[in-house]
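Have a look at the structure below before the remarks.
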Amino acid sequence: MGVNLSNLIHPIPIQLKDLRDKKAAIDAPNVLYQFLSIIRQRDGTLLKDSQGRITSHLAGLLYRTSHLVEHNIKPVYVYDGKPHPLKKQILEKRREVKEKATAEWQEALKIGDIEEARKKAQQTSRLTPDLIEESKHLLDTLGIPYVDSLSEGEAQASQMTQDGNVDITASQDFDSLLFGSPFLIRNLAITGKRKLPGKKKWVEIQPEKIILADVLKNHGIIHKQLVEIAILVGTDFNEGIKGIGPVNGLKLIKKYGSLDNIIATKKINQDNLENYEEVMKIFLEPKIIRDVSLRWRQIDKEATIRFLCDEHQFSLDRVKSALEKFEGFSHSLSQKKLLDF
DNA sequence: CTTATCCA
DNA sequence: TGGATAAGG
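First residue of the first sequence? That's 36 in our numbering, and the numbers climb one at a time after it.
Structure representation (structure tokens):
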């Protein structure tokens, strides 16, 4: 998922309180997908209401958002638009992986291997149009804005950060750096210990900040060259060159200056590079909306409770205590209104 | 994922 | 009391 640039990036650990009063453009598919992957029972079953409808995405969104507003961070969720045709290939590949994982999940359940079952179940998550609509409805009742992008949500979020509509982009992926986001926050709101995938090791996780200008300066490259490194390594829109990871990609770009020059040397396998100019365009000239207006409204507690508790059987106590975290946030909104007036 | 609870 | 573990829908 997303581009692998981790070896080139040295994030700065931060705390949630460092982001107080900041506006954050959150990659909505990225968080919703995470919720669907992780908010499950021990055997991998998703949380569901009495009618069997999935609720894991709503639980995650409620608790995550309440956590953010408790720290007076202003979230805006940015959704994907139409996928670029070059993304079809990776989407198809992911679909196949999910089909395989679904079978392996059932198999693990049959032999009673609960841990394996959960692991496989996590790989089966699908973000359907229904789940997306329900998440938007919850945001509406919470008074939290969202944006429907024309293309990639990460592209839209990055532009909003560049334009100053928001202060930071939040995602687990590095793609927003390719889209030119000056500031990226990973692990927004995530704290505590996490299990390393596939291993029995636990690591401490905390929010971290990545400054695009620093990444470029550290390696002595410009933004376009970072995109070229990503294309060598492989993105959601192209496969990348076998044997080239972020470190070798950087070396090649530093040595030859550009992807064009590397290609001219004929020293690398060029089978996967036929669309590279189009991929460059996806990152450097994405389809985005320039004049977004963001409005954080007062929470509608009654509507939230109707939706989560009455329609989807959330516990009233849990929802109420999550909604209490909106108190200070709502107050600061009405204060701001008075000041504006 | 976040919150609730269990137990040293 | 706080770190590990279960539950949540």
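A virtual CB, placed ideally from N, CA and C, is assigned to each residue, including glycine.
For Thr339, is the classification buried or exposed, using 16 other Cβ atoms within 10 angstroms of its Cβ as the cut-off for buried?
Here residue 339 corresponds to residue number 304 of the first sequence, with the count starting at 1. Classification for Thr339: buried.
Which word fits Met36, buried or exposed, when buried means at least 16 other C-beta atoms lie within 10 angstroms of its C-beta?
Counting from one through the first sequence, the residue named residue 36 turns up at place 1. By the 10 Å Cβ count, Met36 comes out exposed.
Is the number of C-beta pairs between the stretch 299 to 318 and the stretch 350 to 361 that are closer than 8 Å three or more?
Cβ pair count under 8 Å is below three, so no.
Checking 8 Å against the spacing of the C-beta atoms, do Lys57 and Asp198 come in under that value?
If you number the first sequence from 1, residue 57 lands on position 22. If you number the first sequence from 1, residue 198 lands on position 163. Taking the C-beta atoms as reference points, Asp198 is found no nearer than 8 Å to Lys57.
Note down, in chain order, each residue of its chain lying with its Cβ closer than 8 Å to the Cβ of Thr80, except the 5 sequence neighbours on either side.
Translated into the one-based positions of the first sequence, residue 80 becomes position 45. Ala156, listed in sequence order.
Ala205 and Ile220 closer than 8 Å at C-beta:
Here residue 205 corresponds to residue number 170 of the first sequence, with the count starting at 1. Here residue 220 corresponds to residue number 185 of the first sequence, with the count starting at 1. Yes, Cβ-Cβ distance for Ala205 and Ile220 is below 8 Å.
List the DSSP bridge partners of Phe218.
As a first step, residue 218 must be located in the first sequence, where it is residue number 183. Secondary-structure assignment with DSSP links Phe218 through a beta bridge to Ile246.
Does the separation of the CB atoms of Leu329 and Val66 fall below 8 Å?
Taking the first sequence and counting its residues from 1, one reaches residue 329 at position 294. Taking the first sequence and counting its residues from 1, one reaches residue 66 at position 31. No, the Cβ-Cβ distance between Leu329 and Val66 is not below 8 Å.
Looking at the ligand MG, does it come within less than 7 Å of Pro164, judged from the CB to the closest heavy atom?
With respect to small molecules bound, the structure shown includes none, and the ligand MG cannot be examined in it.
Gln69 versus Ile298: straight-line alpha-carbon distance, rounded
Residue mapping note: residue 69 aligns to position 34 of the first sequence, counting from 1. Residue mapping note: residue 298 aligns to position 263 of the first sequence, counting from 1. Using only the alpha carbons, I get a separation of about 37 Å.
Quick one: what's got a C-beta closer than 8 Å to Asn273's C-beta in the same chain, skipping five residues either side?
Mapped onto the first sequence, residue 273 falls at position 238. Excluding residues within five positions, the ones whose Cβ falls inside 8 Å are Leu121, Ile266, Asn307, Leu308, Asn310, Tyr311 and Val314.
Any idea which residues DSSP pairs Val111 with across the strands?
Along the first sequence, read from residue 1 onward, the residue named residue 111 stands at position 76. Looking at the DSSP assignment, Val111 forms a beta bridge with Ala60.
Report buried or exposed for Asp345, applying the criterion of at least 16 other Cβ atoms within 10 angstroms of its Cβ.
Within the first sequence, residue 345 is the residue found at index 310, counting from 1. Asp345 should be labelled exposed.
For Ile203, the first and last residue of its enclosing beta strand (DSSP E)
By 1-based counting over the first sequence, the position of residue 203 is 168. That run of the beta strand (DSSP E) goes Ile203 to Ala205.
Out of curiosity, what's the CA-to-CA distance linking Gln158 and Gln370?
Taking the first sequence and counting its residues from 1, one reaches residue 158 at position 123. Taking the first sequence and counting its residues from 1, one reaches residue 370 at position 335. If I take the Cα positions, the gap works out to 44 Å.
From this set, Leu177, Thr270, Pro164 and Glu142, which residue's C-alpha is nearest Asp78's C-alpha?
To locate residue 78, count along the first sequence from 1; it is residue 43. Checking every option, the nearest Cα to that of Asp78 belongs to Glu142.
With Ile317 and Gln191 assumed to form a contact (beta carbons below 8 Å), what rounded beta-carbon distance in angstroms separates them?
If you number the first sequence from 1, residue 317 lands on position 282. If you number the first sequence from 1, residue 191 lands on position 156. Going by Cβ atoms, the distance from Ile317 to Gln191 rounds to 13 Å, so no, they are not a contact pair.
Identify every residue that forms a DSSP beta bridge with Glu359.
For the purposes of this step, residue 359 is identified with residue 324 of the first sequence, where counting begins at 1. According to DSSP, Glu359 bridges with nothing at all.
Roughly how many angstroms separate the alpha carbons of Ile334 and Leu166, rounded to a whole number?
Translated into the one-based positions of the first sequence, residue 334 becomes position 299. Translated into the one-based positions of the first sequence, residue 166 becomes position 131. About 21 Å.
Gln50 beta carbon less than 8 Å from that of Pro180:
Numbered from 1 along the first sequence, position 145 holds the residue referred to as residue 180. Numbered from 1 along the first sequence, position 15 holds the residue referred to as residue 50. Not closer than 8 Å, so no.
Does the pairing of the stretch 250 to 257 with the stretch 128 to 140 give three or more beta-carbon distances under 8 Å?
The stretch 250 to 257, when compared against the stretch 128 to 140, does not touch it at the 8 Å Cβ threshold.
Close-in-space but distant-in-sequence residues of the same chain around Ser170 (CB under 8 Å, 5 per side omitted):
Taking the first sequence and counting its residues from 1, one reaches residue 170 at position 135. Take Ser170, set aside five residues on each side of it, and the residues of its chain with a beta-carbon closer than 8 Å to its own are Ala63, Leu67, His92, Leu93, Leu96 and Tyr112, in chain order.
Could you pull out every residue in the same chain whose Cβ sits closer than 6 Å to the Cβ of Ser216, ignoring the five residues on either side in sequence?
The count along the first sequence starts at 1 and reaches residue 216 at position 181. Counting only residues of its own chain and dropping the five nearest sequence neighbours on each side, Ser216 has a CB closer than 6 Å to the CB of Ser193, Thr196 and Thr204.
With a cut-off of 8 Å on the beta carbons, I'd call Pro281 and Leu126 a contact; round off their distance for me.
Mapped onto the first sequence, residue 281 falls at position 246. Mapped onto the first sequence, residue 126 falls at position 91. Actually they are not in contact, since the Cβ atoms of Pro281 and Leu126 sit about 23 Å apart, beyond 8 Å.
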